[in-house]
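The structure appears below as structure tokens.
Given below as structure tokens:
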């Protein structure tokens, strides 16, 4: 993951200092948890593909008392199934105003904006991105979104970007070595 040097001027956040304060990671779906493609069957059902490594990263966060939630503009049964599989119960789908959803989540969870990170990849995500202490985006996001992101992942959405973010948070909080040792023993 790289901090965008030309974005520092527009966004003076210090992500390395704030990753250790993250208590809640909020995610957009299309273009973040997926590659952004939406496939429809002849019957009109949506099909989405999710990255298993992203899923493990999210589980590792949740197993270490870092909450995970979804704020997405699109409703999808595939997303509901994926969230159920991962144990994510904080799901705001069909959302047009992500800032309002963020406010509801803050009230619902009691976790304040300085302890929330948001991952988005398009213009609809900007209202939430600019209201959290740290925001992430993916390399194929529009330049306007990258301008307001604290950090840009190396991996694209649906191809390990979320795992990259999860690992960065776990490492910043001093949890990674313990997790790694658990798998090595």
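Residue numbers (the working numbering): 3 to 187. Here a beta-carbon is modelled for each residue, glycine too, at the ideal position from N, C-alpha and C.
Would you mind stating whether residue i and residue j have Cβ atoms separated by less than 9 Å?
i, j, result
"residue 73", "residue 138", "no"
"residue 46", "residue 77", "no"
"residue 57", "residue 87", "yes"
"residue 26", "residue 71", "yes"
Which term fits residue i, buried or exposed, when burial requires 16 or more other beta carbons within 10 angstroms of its beta carbon?
i, result
"residue 43", "exposed"
"residue 21", "buried"
"residue 33", "buried"
"residue 167", "buried"
"residue 36", "buried"
"residue 53", "buried"
Just curious, the beta strand (DSSP E) that residue i is in, first and last residue?
i, result
"residue 28", "26 to 29"
Over the uninterrupted alpha helix (DSSP H) stretch that includes residue i, give me the two end residues.
i, result
"residue 181", "178 to 186"
Tell me which residues share the same chain as residue i and place their Cβ nearer than 7 Å to its Cβ, disregarding the 5 neighbours each side in the sequence.
i, result
"residue 67", "none"
"residue 116", "23 and 135"
Query raised in the report: Which full runs of the alpha helix (DSSP H) of 4+ residues lie inside the segment 36 to 105, going along the chain?
Result: 54 to 65 and 79 to 88
Query raised in the report: Could you give the uninterrupted runs of the alpha helix (DSSP H) lying entirely in the segment 93 to 171, keeping only those of 4 residues or more?
Result: 100 to 111, 128 to 131 and 145 to 149
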